[in-house]
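Peer 1:
2 protein chains.
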Amino acid sequence: MKKHNIILQPSGSRGQVEEGMSVRSAARELGVEIESICAENATCGKCMVLIEEGRFEKYNIDSKRENVSPVTNEESAYFARRSKLLKDKGWEVGQVRLSCQCKIRGDVLINVPEESRGNKQIVRKSATNREIEVKPAIRKYLVSMTPPNLERPIADWERLAKGLETSMGLVRGSDEKLPRWYDLTVDYQCLRGLSSTLRAAKWNVTVSVWQDKEVIEVQAGYVEDSYGAAVDIGSTTVALYLCNLRTGEMLAAESEMNPQIVYGEDVMSRIQYTIEHKDGLEKLHKAIISTLNKLLKQAVKSANMSLRGTKQSPTGAEIASGKERPRNDIKIEDILEMVLVGNSTMHHILLNLNPKDLGLAPFVPAIHRSVDVKARELGLHINPSGNIHVLPTIASFVGADTSAMIVAEEPHMQDENWLLIDVGTNAELILGNRKRLLCTSTPTGPALEGAHVEYGMRAAPGAIERVNIDEKTLEPRYKIVGETEWNTGKAKGICGSAIIDSVAELFRAGIVDSRGKFKKDLNSARIRQGESGWEYIIAWADETSIGRDIPMTQQDVRQIQLAKAALFTAARTLLKRSGLESPDKIILAGGFGSYIDKEKAMLIGLIPDCELDKVYAVGNAAGDGARIALLNVEKRNEIDSVTRKVERFELPTDPEFQNQFMLATSFPHMSEPFPHIAHLIPNRVADPLAKNFMTK
Amino acid sequence: MKKHNIILQPSGSRGQVEEGMSVRSAARELGVEIESICAENATCGKCMVLIEEGRFEKYNIDSKRENVSPVTNEESAYFARRSKLLKDKGWEVGQVRLSCQCKIRGDVLINVPEESRGNKQIVRKSATNREIEVKPAIRKYLVSMTPPNLERPIADWERLAKGLETSMGLVRGSDEKLPRWYDLTVDYQCLRGLSSTLRAAKWNVTVSVWQDKEVIEVQAGYVEDSYGAAVDIGSTTVALYLCNLRTGEMLAAESEMNPQIVYGEDVMSRIQYTIEHKDGLEKLHKAIISTLNKLLKQAVKSANMSLRGTKQSPTGAEIASGKERPRNDIKIEDILEMVLVGNSTMHHILLNLNPKDLGLAPFVPAIHRSVDVKARELGLHINPSGNIHVLPTIASFVGADTSAMIVAEEPHMQDENWLLIDVGTNAELILGNRKRLLCTSTPTGPALEGAHVEYGMRAAPGAIERVNIDEKTLEPRYKIVGETEWNTGKAKGICGSAIIDSVAELFRAGIVDSRGKFKKDLNSARIRQGESGWEYIIAWADETSIGRDIPMTQQDVRQIQLAKAALFTAARTLLKRSGLESPDKIILAGGFGSYIDKEKAMLIGLIPDCELDKVYAVGNAAGDGARIALLNVEKRNEIDSVTRKVERFELPTDPEFQNQFMLATSFPHMSEPFPHIAHLIPNRVADPLAKNFMTK
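Spelled out as structure tokens, the structure:
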């Protein structure tokens, strides 16, 4: 068979393909996907390409329009309907072709315009600013069948499956003795509606296929889009993102309080609730399911509000008739898949698995690997044949949210050693690179989030979010959420980032010593003995909206010391087990990481020493990871395989843990060199304990 | 690696295996399965074999006990506990070994006693008297795990799956990069109970695996048996067979009227009901599901009644303690699979698929291929994770019951051409051999079953079941169901077999002519003009329990003529399309076939000409086929593949159909030579129409 040289731009893919192959097939053979939804019938126009003419020295080929088969009648008809588009783009027929129709006859250089490229990309803004390829688990195929007659009364499913074989371009069954379409299966509930849909649709349907193997939806006529939802179930907040599975576009983001909060504020108290109440698990499970159903409804509504008035890509028939239809509203049954993440307790409760053993030694989840289950089994009101994918858990306290963080940040793809920290009431840590990943977790308490601190509050209007203290005058400056200027507005409390700031500044200004104790001999009205011990007044009563002085107390400082010691000891343990001095990069996930001043966090020893511009805050990495796994099915196998290899360490079993923890309560962590913030460490650090460590 | 010669008796399998291999593994390598359920831990004792000593000239080997590894401590302990068994059998330790423990060191001849053989066989009594290998879809494995601890807190599912890898002897995953156990999946509802079962069972469980890939049940401790149910859903009767999936033994057979009968007597009127009533399908579906649930309950009860008092095979621990436990009652959740068959309408209603298009041209089922669906999706009350397998349909009027008949009779395995006929209100016919199978169906009306015949009734006490008419005196002799002597008892009506007899005898005795018309000039009081035309009195009023003469009327004869013409034309069409004169064998399935006199059936032309001793009645072949598919999973793929290749013919589209049908109403079918019953055809056949055909 004669072969020709093909170059594909802009990817630059090239190779030899056989004469007579369609340009679309040739491109696929060279690894370039070109869109098509009409089963190569020259009606959808999604596969347009440009045949570039000229001598391309770099590739040593002469590319000519005559080197592909002539324009067919079907193509002429299609392009006649799209004359406006061709004029706008400045393309002429013959240069622009439908790649499903034109066949290779000689060497050509083909340009695949952005809109025709398969496997679309979305950009994720993060430490790495990576592009994510859109490769959803669900693909749609248009299938047109000859209606059955007395001579060929083949059953509906078999008729559809044979049509799908063509539309999907199936080339090989798992068993050579079987027809190729025989590997396809159909969801039982989808099968139930098949016969009536095929007839109502006059045998022209769009079929949604999950993972290239299971038919989960059959819709009348030509339907372009399906939808999916990515969900991050936090102990406090549940966030849902509705996405178009074809384009990757995010159409709505909704969130709600986790309704389980009435059964217990943290995971341990919710586990306890399920142990103490016979119907406890059922209650918690139903609560999250009904919240998810509510969020799904809200998201569909929001998406429809913003999409209303925009147009759907027209079909060939619509272009021909000149009637392009407005976009139909998205219906909740158009959502064909959900990907969910959450810590192990949220994971178990979502799946109605008893979480008891997550809370009892030896702390074992029911399952690590990812779970796929039909929406109808969980009572989630998307399409009943739709799939629910839950990412894998790594350990009892390192859940599917951490798996999602790995998906989002990809430490397993790096040569450098990255330290990922998801900070919350519990902190999960991942350290490593492509060769080895270690993980652990540690309770940090609620202090870092502003809870259990006397005037702590969430980062809402009125919250002090930044604090500086002058070393000489010991006077503070602060910034309030919602204000643009410093020291303006009325304060209501202190949020997490300002708590870190305050503690760091108290230490830097020499108001507390390296053991976190207030110095009692300083000359400032702000430092005084309050009702519950020594304190430093950040805002006087008349600067507040609550009419009371807002202090940082000895007790508050102590809370932060314990939290940061736990976090630091966990990080130090992983570094030690990896034989590393410090990580090449630190990635802080979660809302908390986005607001804190990383220099100050390092100054108090919350995170290990690292170049400051290698410390990144990435926001809701778990939510991003869920969205990536929703849009790119290959990431699911990848994370299953990565999590299987992650090495887990339980801190309490580490013999040095208690000792390390105690040392880590000091400012900064005195057993460690902190070169990157050394200039901030006050000269006044001179107490014997500190000195001892500094000279080590 | 050194190799040794192994002979296995009684199968005679032989070959070379590597030194050091266990006898059980070696046997498997040579295609001989030896039982084991304890994961080769020397506790279940199911894998006992005998090492035979001596020089076996035939195989040219010297077999010695020393050619396998010495008796282990575990074996000694086991055999000590079973001393009674060894004494009874006359075996000594060293001769008898646990094949999982002893390793090949040299040439040996091994005897595998009946009780140790895997893949047990059941014998099916039929035309072929074949042995059916028991290869159920569900296998049980004992898994003992190390409990989790803080050092190895691996999740419950992964711990179980790794244990299963050993117990199942998995050797290869589908993807070499994945661990072998990773191909195993777990049913979602089964997963929900996993954690509590593992802990309650102290990490010793019996796991039921479906198709070697999906875990569907985990039970505490050592559990030997699981159960399955095979069901034939007839339009009139539903029959259910409860079987032990390990031994193949049938434990109970139950039947009930099909409750759908109140919605319509035949399939067409039930389809009509679903079209005319909005909730029609739902009602019919629920009716059959609740009858199946009732039959399941009854079957479990019957099985427990007959099993009570028998003993279960003891575990090692039980043997050691001397306490062998009585068999536990079977619970309905111990049923892990059902295989169901029925005509296409019964198939659709069972699966809650709209049967509308089965009854409307072009008569298309929703699906041909077999369906697997979870019991819980259908509301069947076996184990909710259990599988429901429904055999494939072939056409709108050739359903899963015909597929089951093929499974039972295996025409596709023959060199001869067999004609299979399932006679009922509708008859399905299969003709062919291993190279080609053809099928068709034809409505035969209810006459052959005794309905719509004036005094027709089912084969119940009081029914005339046999009729002879003396050619000279024209007097009848008859036999009544329940009587041992002829012409005794009181008659109540005529059942199907006597109707065939009567028509054949009326013809043979010259009372009706070859066109089925009564001769009016015969000298007998029994032949008279009754209220609805000419008739022949089989029993006078004083011989009956109903006090009325029981006749065969002209109308009755006409009914049989139409029915037999339909059946004969269908058979003739298939023969013609196959280029055959007559089939090598005729197999009559269904209750009807078992009762009729095959010679008389041939005399009236109900079935084509064939050697009489090649005509077999096989009873409920559909039920047998369902049972075979339940017990042998390989038959399921086989029938799916066979049915895909069966060629379907619709009679009404055959151009010669009407003509053939008209000719076929005569006695015998006059366009055909009937050499095998020629001696019975009366000389008096002399009317012009008949003559015309006889001389052809």
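Residue numbers (our numbering), protein chains in the order written: chain Y, 1 to 696; chain U, 697 to 1392. A virtual CB, placed ideally from N, CA and C, is assigned to each residue, including glycine. All figures in this text were calculated on a predicted structure; none of them were measured in a lab.
Let's see if you can read the secondary structure: which residues bound the alpha helix (DSSP H) around E165 of chain Y?
Peer 2: Along the first sequence, one-based indexing puts residue 165 of chain Y at 165. Per DSSP, E165 of chain Y belongs to the alpha helix (DSSP H) from D156 to M168.
Peer 1: Spatial neighbours of A896 of chain U within its chain, please: C-beta separation below 7 Å, excluding the five flanking residues on both sides.
Peer 2: Against the second sequence, residue 896 of chain U aligns to sequence position 200. Same-chain partners within the cutoff: A916.
Peer 1: Which residues does DSSP list as the beta-bridge partners of R139 of chain Y?
Peer 2: By 1-based counting over the first sequence, the position of residue 139 of chain Y is 139. Answer is Y:V209, bridged to R139 of chain Y.
Peer 1: For the candidate residues U:P1371, U:M1153, U:G1038 and U:E1161, whose alpha-carbon lies nearest to that of D1118 of chain U?
Peer 2: Residue 1118 of chain U sits at position 422 when you count from the first residue of the second sequence. Selected option, being the one with the closest Cα: U:G1038.
Peer 1: Report yes or no: do three or more beta-carbon pairs, one from the region 342-358 of chain Y and one from the region 393-400 of chain Y, lie closer than 8 Å?
Peer 2: The answer is yes - the region 393-400 of chain Y touches the region 342-358 of chain Y, with three or more Cβ pairs under 8 Å.
Peer 1: What residues from chain U crowd round N352 of chain Y, counting only those whose CB sits closer than 7 Å?
Peer 2: The count along the first sequence starts at 1 and reaches residue 352 of chain Y at position 352. Going along chain U in sequence order, the residues near N352 of chain Y (Cβ under 7 Å) are R888.
Peer 1: Taking the alpha-carbon positions, what's the P809 of chain U to G930 of chain U distance?
Peer 2: In the second sequence, the residue the question calls residue 809 of chain U occupies position 113. In the second sequence, the residue the question calls residue 930 of chain U occupies position 234. About 41 Å.
Peer 1: Hey, does S195 of chain Y have any beta-carbon neighbour from chain U nearer than 8 Å?
Peer 2: The residue labelled residue 195 of chain Y in the question sits at position 195 within the first sequence. Yes, because at least one Cβ of chain U sits closer than 8 Å to the Cβ of S195 of chain Y.
Peer 1: If you draw a straight line from the C-alpha of P147 of chain Y to the C-alpha of N204 of chain Y, how long is it?
Peer 2: Here residue 147 of chain Y corresponds to residue number 147 of the first sequence, with the count starting at 1. Here residue 204 of chain Y corresponds to residue number 204 of the first sequence, with the count starting at 1. Approximately 10 Å between the Cα atoms of the pair.
Peer 1: Check for me: the beta strand (DSSP E) holding L1125 of chain U runs from which residue to which?
Peer 2: Numbered from 1 along the second sequence, position 429 holds the residue referred to as residue 1125 of chain U. From DSSP, the beta strand (DSSP E) with L1125 of chain U extends over N1122 to G1128.
Peer 1: May I ask which residues mark the beginning and end of the alpha helix (DSSP H) holding D883 of chain U?
Peer 2: Here the question's residue 883 of chain U lines up with position 187 in the second sequence. From DSSP, D883 of chain U is part of no alpha helix (DSSP H); its letter is neither H nor E.
Peer 1: Count Cβ pairs between the region 221-228 of chain Y and the region 258-266 of chain Y that sit closer than 8 Å; are there 3 or more?
Peer 2: Counting Cβ pairs under 8 Å, fewer than three are found: no touch.
Peer 1: Might you give, ordered along the chain, the residues of its own chain that have their beta carbon closer than 8 Å to the beta carbon of K356 of chain Y, omitting 5 neighbours on each side?
Peer 2: As a first step, residue 356 of chain Y must be located in the first sequence, where it is residue number 356. The residues are I271, T274 and I275.
Peer 1: So, using beta-carbon positions, are E1112 of chain U and D1309 of chain U closer together than 8 Å?
Peer 2: In the second sequence, the residue the question calls residue 1112 of chain U occupies position 416. In the second sequence, the residue the question calls residue 1309 of chain U occupies position 613. No; because the gap between Cβ atoms is not below 8 Å, this pair is not in contact.
Peer 1: Reducing DSSP to helix, strand and coil, say where V1199 of chain U ends up.
Peer 2: If you number the second sequence from 1, residue 1199 of chain U lands on position 503. Reduced to three states, the DSSP call for V1199 of chain U is helix.
Peer 1: Quick check: the Cα distance between S709 of chain U and S765 of chain U, rounded to an integer number of angstroms?
Peer 2: In the second sequence, residue 709 of chain U corresponds to position 13, counting from 1. In the second sequence, residue 765 of chain U corresponds to position 69, counting from 1. Answer to the nearest angstrom: the Cα atoms are 21 Å apart.
Peer 1: Please name the residues in the region 1054-1066 of chain U whose beta-carbon is closer than 9 Å to at least one beta-carbon of chain Y, in chain order.
Peer 2: So the close ones are A1057, P1058, F1059, V1060, P1061, A1062, I1063, H1064 and R1065.
Peer 1: Quick check on the DSSP output: the beta strand (DSSP E) that includes Y536 of chain Y runs from which residue to which?
Peer 2: Taking the first sequence and counting its residues from 1, the one referred to as residue 536 of chain Y is at position 536. Taken as a continuous stretch (DSSP letters only), the beta strand (DSSP E) holding Y536 of chain Y covers G533 to A539.
Peer 1: Taking the Cβ atom as the reference point for each residue, do I104 of chain Y and V23 of chain Y lie within a distance shorter than 8 Å?
Peer 2: The sequence position of residue 104 of chain Y within the first sequence is 104, counting from 1. The sequence position of residue 23 of chain Y within the first sequence is 23, counting from 1. Yes, the Cβ-Cβ distance between I104 of chain Y and V23 of chain Y is below 8 Å.
Peer 1: How far does the beta strand (DSSP E) with E1073 of chain U in it extend, from its first residue to its last?
Peer 2: Sequence index remark: in the second sequence, residue 1073 of chain U carries index 377 (1-based). Taken as a continuous stretch (DSSP letters only), E1073 of chain U belongs to no beta strand (DSSP E), being part of the alpha helix (DSSP H) at A1071 to L1074.
Peer 1: Please name the residue, chosen from U:I834, U:E945 and U:V927, that lies closest to E910 of chain U on a Cα-to-Cα basis.
Peer 2: The count along the second sequence starts at 1 and reaches residue 910 of chain U at position 214. With distances taken between Cα atoms, E910 of chain U lies closest to U:I834.
Peer 1: Using 8 Å as the Cβ pair cut-off and three pairs as the minimum, do the region 1337-1344 of chain U and the region 1133-1142 of chain U touch?
Peer 2: Contact holds: three or more Cβ-Cβ distances are below 8 Å.
Peer 1: Going by beta-carbon coordinates alone, are I394 of chain Y and L350 of chain Y separated by less than 8 Å?
Peer 2: As a working note, residue 394 of chain Y is residue 394 in the first sequence. As a working note, residue 350 of chain Y is residue 350 in the first sequence. Cβ atoms of I394 of chain Y and L350 of chain Y: not closer than 8 Å.
Peer 1: Check the Cβ of E158 of chain Y against every Cβ in chain U and list those closer than 8 Å, keeping chain order.
Peer 2: Here the question's residue 158 of chain Y lines up with position 158 in the first sequence. Correct list: I1063, H1064 and R1065.
Peer 1: State yes or no: is the C-beta of S396 of chain Y within less than 8 Å of the C-beta of P446 of chain Y?
Peer 2: As a working note, residue 396 of chain Y is residue 396 in the first sequence. As a working note, residue 446 of chain Y is residue 446 in the first sequence. No, Cβ-Cβ distance for S396 of chain Y and P446 of chain Y is not below 8 Å.
Peer 1: Check this for me: beta carbons of D1396 of chain U and E1150 of chain U, under 8 Å apart or not?
Peer 2: In the structure as shown, chain U begins at 697 and stops at 1392. Residue 1396 of chain U is therefore absent and cannot be evaluated.
Peer 1: With a threshold of 8 Å between beta carbons, is P849 of chain U in contact with chain Y?
Peer 2: On the second sequence, residue 849 of chain U is found 153 positions in, with the first residue counted as 1. So yes, P849 of chain U belongs to the interface.
Peer 1: Looking at C-alpha atoms only, which residue of Y:A404, Y:L142, Y:V71 and Y:M413 is the closest neighbour of I628 of chain Y?
Peer 2: Here residue 628 of chain Y corresponds to residue number 628 of the first sequence, with the count starting at 1. Among Y:A404, Y:L142, Y:V71 and Y:M413, the Cα nearest to that of I628 of chain Y is on Y:A404.
Peer 1: Threshold first: 4 residues or longer. Then list the alpha helix (DSSP H) segments lying entirely within the region 245-292 of chain Y, N to C.
Peer 2: Here the runs fully enclosed are 267-276.
Peer 1: Can you tell me whether Q529 of chain Y is buried or exposed? The criterion is at least 16 other CB atoms within 10 Å of its CB, across all chains shown.
Peer 2: As a first step, residue 529 of chain Y is located in the first sequence; it is residue number 529 there, counting from the start. Under this definition Q529 of chain Y is an exposed residue.
Peer 1: Using the rule of at least 16 other Cβ atoms within 10 Å of the residue's Cβ for burial, across every protein chain shown, is M662 of chain Y buried or exposed?
Peer 2: Mapped onto the first sequence, residue 662 of chain Y falls at position 662. Burial call: exposed.
Peer 1: So which of U:H1044, U:G1192, U:L1218 and U:D1320 has the shortest CA-CA distance to E827 of chain U?
Peer 2: Locating residue 827 of chain U in the second sequence gives position 131, counting from the first residue. With distances taken between Cα atoms, E827 of chain U lies closest to U:D1320.
Peer 1: Across the region 372-392 of chain Y and the region 563-578 of chain Y, are there enough close Cβ pairs to call them in contact, namely three or more that are closer than 8 Å?
Peer 2: With a cut-off of 8 Å, the region 563-578 of chain Y and the region 372-392 of chain Y do not count as touching, because too few Cβ pairs lie within range.
Peer 1: For a quick check, are the C-beta atoms of S61 of chain Y and R97 of chain Y less than 8 Å apart?
Peer 2: Here residue 61 of chain Y is taken as the residue at index 61 of the first sequence, counted from 1. Here residue 97 of chain Y is taken as the residue at index 97 of the first sequence, counted from 1. For the sequence presented, residue 61 of chain Y should be read as Ile rather than Ser. In this structure, R97 of chain Y does not lie closer than 8 Å to I61 of chain Y by Cβ.
Peer 1: Measure the alpha-carbon distance for R327 of chain Y versus R308 of chain Y and round it to whole angstroms.
Peer 2: Here residue 327 of chain Y is taken as the residue at index 327 of the first sequence, counted from 1. Here residue 308 of chain Y is taken as the residue at index 308 of the first sequence, counted from 1. The straight-line gap from Cα to Cα measures roughly 7 Å.
Peer 1: Between N1039 of chain U and chain Y, is the shortest Cβ-Cβ distance under 8 Å, so that the two count as touching?
Peer 2: Stepping through the second sequence from its first residue, residue 1039 of chain U is reached at position 343. It does not; no Cβ of chain Y falls within 8 Å.
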